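Novice: One line per chain: the protein sequences are A and B, in this order. Counting from 2, one number per residue, gives the positions in the first sequence under the numbering used here. Counting from 62, one number per residue, gives the positions in the second sequence under the numbering used here. Here's a structure for you.
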Amino acid sequence: MSIIGATTGELLSRLERGELTSVELTTAYLDRIAQQDDRVSAFLTVNTAEALQQAADVDRRRQAKQPVGLLAGIPVAIKDVLCTKGLKTTCASRMLANFIPPYDAHVITQLRNADAVLIGKTNMDEFAMGSTTETSAFKITRNPWDLDRTPGGSSGGSAAAVAAGMSPLALGTDTGGSIRQPAGFCSVVGMKPTYGRVSRFGMVAYGSSLDQIGPFANDVNGAALLAQVIAGHDGRDSTSVNAPVPAYSQTVNQPLAGLRVGIAKEHFVEGLNPEVEQTLRTALQVYKSLGAEIKEVSLPHTSYGVAVYYLIAPSEASSNLARYDGVHYGHRAEQFSNMIDMYATSRGEGFGSEVKRRIMLGTYALSAGYYDAYYLKALKVRRLIRQDYDKAFEQIDVLASPASPNPPSKVGEYSANPLAMYLEDIYTIGANLAGLPGISVPAGFTEAGLPVGLQLLAAPFEEEKLLRAARMYELATKWQGQRAAL
Amino acid sequence: MDYTTIIGLEVHVQLQTNTKIFCGCSTKFNPDNPNVQTCPVCLGLPGSLPVMNRHAFDLAVKTATAINCQIARFTKWDRKQYYYPDLPKGYQISQYDLPFSHDGWLEIVINKETGEKKKIGIIRAHLEEDAGKNTHDETGRGHDSQVDLNRAGTPLLEIVSHPDLRSAQEAKEYLEELKLLLTYLEVSDCNMQEGSLRCDANVNVHIHRDGQKIATPLVEIKNLNSFRNVELAIEFEADRQYRQWQQDGMTFGAVLKETRGYDAVRNITVAQRTKENASDYRYFPDPDLVPVTIEEAYLQNVIDSMVEFPAARRTRFIQQYQLSNYDAAVIIDQGVVFANFVEHVAKICGDGKQACNWVTQDVLREMNDRKLTIEGFPIQPPVLGEILKRVNDKKITIKSGREIFLNLLNSEDLSTISVARIDQIIQEQGLSIVADSGQLEAVIVGVLAKNAKAVADFKGGKQSAVGSLIGQAMKEMKGADPATVRELLLKKLAE
Ligand SMILES: [Zn+2]
């Protein structure tokens, strides 16, 4: 039985039975990266030496029958937006090209405590701004299912790493769909937890009120296990919620009786690719066959979502990225004439064009005279959007939709038209604006063989229900077992 | 020159917490070791997040309550955005439209003799984080500027007054009263040298001309690092504005608010270059911090645990110890430790007035002469109180009390100062007042017998002869009360 492509559960049981060591397993993934990443470009940093050391350490403790963590010996790839102590964390930006954090993000501490192996740092859109992983300052990640296409973004490196069998698990971050959309594009499982479920401490901020860290895996069980490891209260993040974390991995295989699956009539809009729509309808049939009830609900403020998102996220980003000024760390221009020029030149050289575009958008929206009309109004509409979901979840358990309206784009397709790229976020940003958990599971392929994802959303802190509903679907379909042929 | 100076003050006070407002770093004043009291949060490293220091918030609410502010039931944090090297995040976490407190007042004494008071309105008090400190090359050789972030993230309370102050003297009184209150509350050490209390003054003048009031343009004076400088700067600035108006006739609103710095060496204010983009800070609510809601029970607890304020204590001292406005002010204005000292002495000796007199005269004089603080004064209340108690109980004379006080103060070994030592000195030097009139009478009879000539002189009409007789009697009976000796002696002579 192959290591590459196996699920996390399979790998763990082989490790536990002693059929496999973590060093063997980690070596297999490192070899896979060495063989395939020239073409996929999922990784920015491969953490070879430390990963092998972590693996050896877990092996030693496992052989000595010492207690080990939930992810003992399992490689996890880390989006390069999460701070790793002593390991370069670049946010795929020239600005932080040489930044080595002196501390671990909370989720990294959780991974270390669970004895996971940190296999490397993955590529992303610069500062998580983008939906294609093309705005990275260093490389363009390719979709393992079609190397001419993007893996989605901004967590495209993590999604592609899992899809290409270069890591069984990965962490991503999701501000407007940056986990769920690339998961759909790469035919892997990706989950965004409820806002506040996972500590943001050590995640380089994009849109602070929207950002969440979440798992990628090649099956729902793997995602459940990784989610369980990273979730929980952390006093260092004021928005982290102090609520018990259910053992998702223990319950994920239990089907839900009387499941109510909702669809929003506002989601069937012009611009929804017919093949993607058909995939969703087929998925609903699967749920019906499993005994679920399908209910139509209304989310009347859906059409404002993109506008609201592209005011709030850039506004917060314009402020969050002000610290990259060349004074204390990060890129500083070689040549400048005075202090203001040092700021301007350092930032001008350090940031790419998509980051600059969003900083300008946000700076404008927060400026005196525009604040009320843009930012404040966006906050009000955000509340209405949240109310839409609150109302919907009184009638349904999960809301089903495509992860994105179209299959993966060709590399370069959106370079001249960022607005078209922004509009691709319509199904995912609602969960960020409302703080809801969401998951994307593989739901089939277009005729051209491009992956399509099914997105499920649930009410806040209903991750357990969400994972069980996703697992029901996964077990009833064949998509999970499909692997990209590289 | 007929004008009124109009002043509003913005005071920044560092709150006395052990740790910074949004991280666990120390707030110690440590200018010699730059950037050692820092962490990812106060360095503004990528991914770091602020967590509110509950203690800083408690101190802020305590202070705002003491300056009679309304405490908001809901308050939030905002980002004030501007670029400066001492501001590592590119924004300062502050409070914009919903400060935790607003609309208060502070009463100041504008006449120490009469005790006349005036209420100065407070617009708002809000919490924010301090920035770091930039050091520039002063040699003119163009070396790099340096940034020390030890101070970055220290909790600051900004207290903004209404323009209710009408003279430089009033501004100084306001600052002194505020400082006194803050130290009484133990919320700040108010050390201006270390920057724990900083002040900006908004100044203009109202010129009275032909029954009309003409207001000059508003000026904000920065860089005021002592109360004396606040006074001098305002005096200079008011006069400058008056002269400026005579030249150009510019009035309030005709130009934007100007920022001027105070040059203490030349005693002038100098126009400063305004910060670029300073007009638009693009405030917005900080998404990394949750709003704070304040419960009634919490506020009640703050009120219940409040200490007596200086103003209330002044009033009480006047009544309880029959002090003048002036004397009460002298005691209270010395600070809480000094006032506590007085009260402690009063409690032991049982005579408040006596305690006040001694501490404000003898103790204060010796403190000044010997350059001592009240905390370091060698004779602390338990001992001083016992000296005064003996005076009150007529066991020793007030003169003997002073002798004992000085004797103790001049002890070679200050650790020997104790109540037991008082009684030892009384014993050694025979300072006990002799209440036994029989014993005294015997001494006087003896003195009269030995001084037949003086007795004869006195009886012959020479009144002054009695002086030497009293002197001799006193010499033999050290602790005797001179008045008693005199009375008894005259009685004997009259027999
Ligand atoms: Zn710190």
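Ideal Cβ positions, reconstructed from N, Cα and C, are used throughout, including at glycine. Since we're looking at a predicted model, the values are computed, not measured.
Anyone know if the C-beta pair for Leu285 of chain A and Ile264 of chain A falls short of 8 Å?
Specialist: The residue given as residue 285 of chain A occupies position 284 in the first sequence. The residue given as residue 264 of chain A occupies position 263 in the first sequence. Yes; because the gap between Cβ atoms is below 8 Å, this pair is in contact.
Novice: Can you list, in chain order, the residues of the region 340-371 of chain B whose Cβ is nearer than 7 Å to any Cβ on chain A?
Specialist: Per Cβ criterion, the list reads Asp341, Arg343, Phe345, Pro348, Asp349, Leu350, Val351.
Novice: Start and end of the alpha helix (DSSP H) containing Tyr245 of chain B?
Specialist: Residue 245 of chain B sits at position 184 when you count from the first residue of the second sequence. 229-245 is the extent of the alpha helix (DSSP H) around Tyr245 of chain B.
Novice: Determine whether the Cβ of Gly105 of chain B lies closer than 8 Å to any Cβ atom of chain A.
Specialist: As a position in the second sequence, residue 105 of chain B is number 44, starting the count at 1. So yes, Gly105 of chain B belongs to the interface.
Novice: Could you name the residues of the region 140-165 of chain B whose beta carbon sits closer than 8 Å to any beta carbon of chain A, in the order they occur along the chain?
Specialist: Residues Arg140, Gln142, Tyr144, Pro146, Pro149, Lys150, Gly151, Tyr152.
Novice: Cα-Cα, which of A:Gln111, A:Phe128, A:Gly173 is closest to Gly208 of chain A?
Specialist: Within the first sequence, numbered from 1, the residue matching residue 208 of chain A stands at position 207. The shortest C-alpha separation from Gly208 of chain A is found at A:Phe128.
Novice: How many angstroms separate the CA atom of Met428 of chain B from the CA atom of Met343 of chain A?
Specialist: Stepping through the second sequence from its first residue, residue 428 of chain B is reached at position 367. Stepping through the first sequence from its first residue, residue 343 of chain A is reached at position 342. Distance between the alpha carbons of Met428 of chain B and Met343 of chain A: 54 Å.
Novice: Any Cβ of chain A within less than 8 Å of the Cβ of Leu110 of chain B?
Specialist: Taking the second sequence and counting its residues from 1, the one referred to as residue 110 of chain B is at position 49. It does: the Cβ of Leu110 of chain B has a partner Cβ on chain A nearer than 8 Å.
Novice: Please classify Asn263 of chain B: does DSSP put it in a helix, a strand, or coil?
Specialist: For the purposes of this step, residue 263 of chain B is taken as the residue at position 202 of the second sequence. Of the three classes helix, strand and coil, the one that applies to Asn263 of chain B here is strand, per DSSP.
Novice: Around the Cβ of Phe33 of chain B, are there at least 16 other Cβ atoms within 10 angstroms (buried) or fewer (exposed)?
Specialist: Residue 33 of chain B lies beyond the range of chain B shown here (62 to 556); nothing can be said about it.
Novice: For Met113 of chain B, return the contacting residues in chain A, with the cut-off set at a CB-CB distance below 8 Å.
Specialist: Counting from one through the second sequence, the residue named residue 113 of chain B turns up at place 52. The contacting residues are Ser239.
Novice: Please report the distance separating the alpha-carbon of Ile214 of chain A from that of Ser241 of chain A.
Specialist: Position 213 of the first sequence holds residue 214 of chain A. Position 240 of the first sequence holds residue 241 of chain A. Spanning the two alpha carbons is a distance of roughly 12 Å.
Novice: Below 8 Å on the Cβ atoms is my guess for Ile154 of chain B versus Glu189 of chain B; work out the distance and round it to an integer in Å.
Specialist: Counted from its first residue, the second sequence places residue 154 of chain B at position 93. Counted from its first residue, the second sequence places residue 189 of chain B at position 128. Indeed, because the Cβ distance is near 6 Å, the residues count as touching under 8 Å.
Novice: Of all the beta strand (DSSP E) runs that stay within the bounds of the region 60-131 of chain A, which reach a length of 3 or more residues?
Specialist: Runs of the beta strand (DSSP E) inside the region 60-131 of chain A: 76-80, 118-123.
Novice: Closer than 7 Å: is that where the CB of Lys81 of chain B sits relative to any heavy atom of ligand 1?
Specialist: For the purposes of this step, residue 81 of chain B is taken as residue 20 along the second sequence, with counting starting at 1. Result yes, Cβ under 7 Å from ligand 1.
Novice: Using 8 Å as the limit for Cβ to Cβ distance, is Val311 of chain A near chain B?
Specialist: Position 310 of the first sequence, counted from the start, is the residue given in the question as residue 311 of chain A. Before going on, a small fix: residue 311 of chain A reads as Tyr here, not Val. Answer no: the Cβ-Cβ gap between Tyr311 of chain A and chain B never drops below 8 Å.
Novice: Following a CB-centred definition, is Val208 of chain B positioned closer than 7 Å to any heavy atom of ligand 1?
Specialist: Here residue 208 of chain B is taken as the residue at index 147 of the second sequence, counted from 1. Val208 of chain B: no, Cβ never under 7 Å from ligand 1.
Novice: For chain B, find out if any of its Cβ atoms is closer than 8 Å to the Cβ of His329 of chain A; answer yes or no.
Specialist: By one-based count along the first sequence, residue 329 of chain A stands at place 328. So, interface residue.
Novice: Hey, is Pro101 of chain B's beta-carbon within less than 8 Å of any beta-carbon in chain A?
Specialist: Within the second sequence, numbered from 1, the residue matching residue 101 of chain B stands at position 40. Interface residue, yes.
Novice: Here's the rule I'm using: 16 or more other beta-carbon atoms within 10 Å means buried, otherwise exposed. How should Ser354 of chain A be labelled?
Specialist: On the first sequence, residue 354 of chain A is found 353 positions in, with the first residue counted as 1. Its Cβ having fewer than 16 others within 10 Å, Ser354 of chain A is exposed.
Novice: Which residues in the same chain as Ser87 of chain B place their Cβ atom closer than 6 Å to its Cβ, once the five residues preceding and following it in sequence are excluded?
Specialist: Here residue 87 of chain B refers to the residue found at position 26 of the second sequence. Hits under 6 Å: Gln98.
Novice: Going by DSSP in three states, Val190 of chain A sits in which element: helix, strand or coil?
Specialist: For the purposes of this step, residue 190 of chain A is taken as residue 189 along the first sequence, with counting starting at 1. Strand, per DSSP.
Novice: By Cβ distance below 6 Å, which residues in the same chain neighbour Asp175 of chain A in space, the five residues on each side in sequence not counted?
Specialist: Locating residue 175 of chain A in the first sequence gives position 174, where the first residue counts as 1. Around Asp175 of chain A: Lys193, Gln213, Gly215.
Novice: Under 8 Å, Cβ to Cβ, is there at least one residue of chain A near Glu337 of chain B?
Specialist: Sequence index remark: in the second sequence, residue 337 of chain B carries index 276 (1-based). The pLDDT assigned to Glu337 of chain B is 46, lower than 50, so where the model puts this residue is not dependable, and the model offers no usable value.
Novice: Which partner residues of Glu190 of chain B appear in the DSSP bridge assignment?
Specialist: Position 129 of the second sequence holds residue 190 of chain B. In DSSP, Glu190 of chain B forms a bridge with B:Pro216.
Novice: If distances are taken between C-alpha atoms only, which option among B:Leu76, B:Phe466, B:Asp205, B:Glu404 comes closest to Arg374 of chain B?
Specialist: Taking the first residue of the second sequence as position 1, residue 374 of chain B is located at position 313. Per the Cα distances, B:Glu404.
Novice: With a threshold of 8 Å on Cβ separation, who are the neighbours of Leu549 of chain B within its own chain once the five nearest residues in sequence on each side are excluded?
Specialist: Residue numbering aside, residue 549 of chain B sits at position 488 when the second sequence is read from its first letter. Contacts found: Ser498, Leu501, Glu502, Ile505.
Novice: If you measure from each CB to the nearest heavy atom of ligand 1 and keep those under 5 Å, what residues do you get, in chain order?
Specialist: Going by the Cβ distance cut-off, the answer is B:Cys84, B:Cys86, B:Cys100, B:Val102, B:Cys103.
Novice: Give a yes or no on whether 8 Å exceeds the smallest Cβ distance from Thr364 of chain A to chain B.
Specialist: Numbered from 1 along the first sequence, position 363 holds the residue referred to as residue 364 of chain A. Chain B, which has a Cβ nearer than 8 Å to the Cβ of Thr364 of chain A, makes this yes.
Novice: Which runs of the alpha helix (DSSP H) fall wholly inside the region 402-439 of chain B and span at least 4 residues, in chain order?
Specialist: Counting only runs of 4 or more, we get 413-419, 425-430.
Novice: Can you give me the start and stop residues for the alpha helix (DSSP H) that Arg377 of chain B sits inside?
Specialist: Here the question's residue 377 of chain B lines up with position 316 in the second sequence. Run containing Arg377 of chain B: 371-381, per the alpha helix (DSSP H) assignment.
Novice: Just the Cα atoms here: how many angstroms apart are Asn338 of chain B and Ala192 of chain B?
Specialist: By one-based count along the second sequence, residue 338 of chain B stands at place 277. By one-based count along the second sequence, residue 192 of chain B stands at place 131. Confidence at Asn338 of chain B is low in this model, with a pLDDT of 42, below 50, so the placement of that residue should be treated as unreliable; the coordinate-derived value is given next. Taking the straight line joining both Cα atoms gives about 18 Å.
Novice: Since Asp326 of chain A meets chain B, which of its residues come closer than 7 Å, beta carbon to beta carbon?
Specialist: As a working mapping, residue 326 of chain A is identified with position 325 in the first sequence. Correct list: Tyr144, Gly151.
Novice: For the candidate residues A:Ile4, A:Gln37, A:Thr252, whose alpha-carbon lies nearest to that of Ser23 of chain A?
Specialist: The sequence position of residue 23 of chain A within the first sequence is 22, counting from 1. The shortest Cα separation from Ser23 of chain A among A:Ile4, A:Gln37, A:Thr252 belongs to A:Ile4.
Novice: Give me, in chain order, the residues of the same chain whose beta-carbon lies closer than 7 Å to that of Lys233 of chain B; leave out the 5 immediate sequence neighbours on both sides.
Specialist: Counting from 1 along the second sequence, the entry for residue 233 of chain B is found at position 172. Cβ neighbours of Lys233 of chain B beyond the five flanking positions: Phe288, Val291, Glu292.
Novice: For Gln55 of chain A and Ala228 of chain A, I'd like the C-alpha separation in whole angstroms.
Specialist: Residue numbering aside, residue 55 of chain A sits at position 54 when the first sequence is read from its first letter. Residue numbering aside, residue 228 of chain A sits at position 227 when the first sequence is read from its first letter. Distance between the alpha carbons of Gln55 of chain A and Ala228 of chain A is about 21 Å.
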